[in-house]
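Chemist: Please find one structure pasted underneath; my questions will follow.
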Amino acid sequence: MSVTVRIPAGWTRTEGGSSALFTSGFDSVAVDTLSTPQAPTTASARTFDVPELQTTSNGFVLGQIATAARPAGTAVLVTYEALSPLATSSQPVVEAVERYQFWRGTHEAILTLSSPAGTANAGAWRTITDSLRWLS
1 MSVTVRIPAG
11 WTRTEGGSSA
21 LFTSGFDSVA
31 VDTLSTPQAP
41 TTASARTFDV
51 PELQTTSNGF
61 VLGQIATAAR
71 PAGTAVLVTY
81 EALSPLATSS
91 QPVVEAVERY
101 QFWRGTHEAI
111 LTLSSPAGTA
121 NAGAWRTITD
131 SLRWLS
């Protein structure tokens, strides 16, 4: 099963396997799909996902773990800050990250949205996460 998501026009798209990355400057949206037998929960995010993010995201600082209702279903939301892997200068850029885990049947879709910390992006991120649709 795959998903579709509306991304702003003009963003660069990179694909690999079951993943797609969209970027514009320091803003990015990663879309990953995978098969998994169980729906993610806030407990599984804390137990499994956060430790993985701590080892794969430089400068990881956990924000919150919650649920978020969206048209495609209720998602587990992990917010955190990390240093941007897209840094183009010697100054590291601290990014605010929102990671949504959606689940349907035996399929998970993970949307990871990031932009420089302090950027007013709540409306844009809500539009993107609201646009996720499951394709059968």
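In the UniProt record's numbering, the protein residues as written are 1 to 136. Just so you know, even glycine gets a beta-carbon here, dropped at the ideal spot from N, CA and C.
Leaving out the 5 sequence neighbours to the left and right, which residues in its chain are closer than 8 Å to residue 153 when beta-carbon positions are compared?
Modeler: Any property of residue 153 remains undetermined from this structure, which presents the chain solely from 1 to 136.
Chemist: Select from A96, G63 and R6 the residue whose C-alpha is nearest the C-alpha of T119.
Modeler: When only C-alpha atoms are compared, the closest one is A96.
Chemist: From the DSSP output, read off the bridge partner residues of R70.
Modeler: Paired residue(s): G73.
Chemist: Alpha carbons only, please: which of A68, V50, T56 and R70 is nearest the one belonging to L62?
Modeler: The residue with the shortest Cα to Cα distance from L62 is V50.
Chemist: In the DSSP output, which residue or residues are listed as bridge partners for A82?
Modeler: In the DSSP output, where bridge partners are listed per residue, A82 has E95.
Chemist: State the Cα-Cα distance for the pair Q91 and G105, rounded to the nearest angstrom.
Modeler: Taking the straight line from one Cα to the other gives about 43 Å.
Chemist: May I ask which residues mark the beginning and end of the alpha helix (DSSP H) holding R126?
Modeler: Here the alpha helix (DSSP H) through R126 covers A122 to D130.
Chemist: Compare the beta carbon distance of T42 and A66 with 9 Å and say whether it is the shorter of the two.
Modeler: It is a contact, given that the beta carbons lie within the stated cut-off.
Chemist: Tell me the DSSP secondary structure of T23 in three-state form.
Modeler: Three-state DSSP puts T23 in a strand.
Chemist: What is the rounded straight-line gap between the Cα of Q64 and the Cα of T47?
Modeler: Each residue's Cα considered, the two are about 14 Å apart.
Chemist: On the CB-based measure, 16 or more other CB atoms within 10 Å of its CB, does P40 come out buried or exposed?
Modeler: P40 comes out buried.
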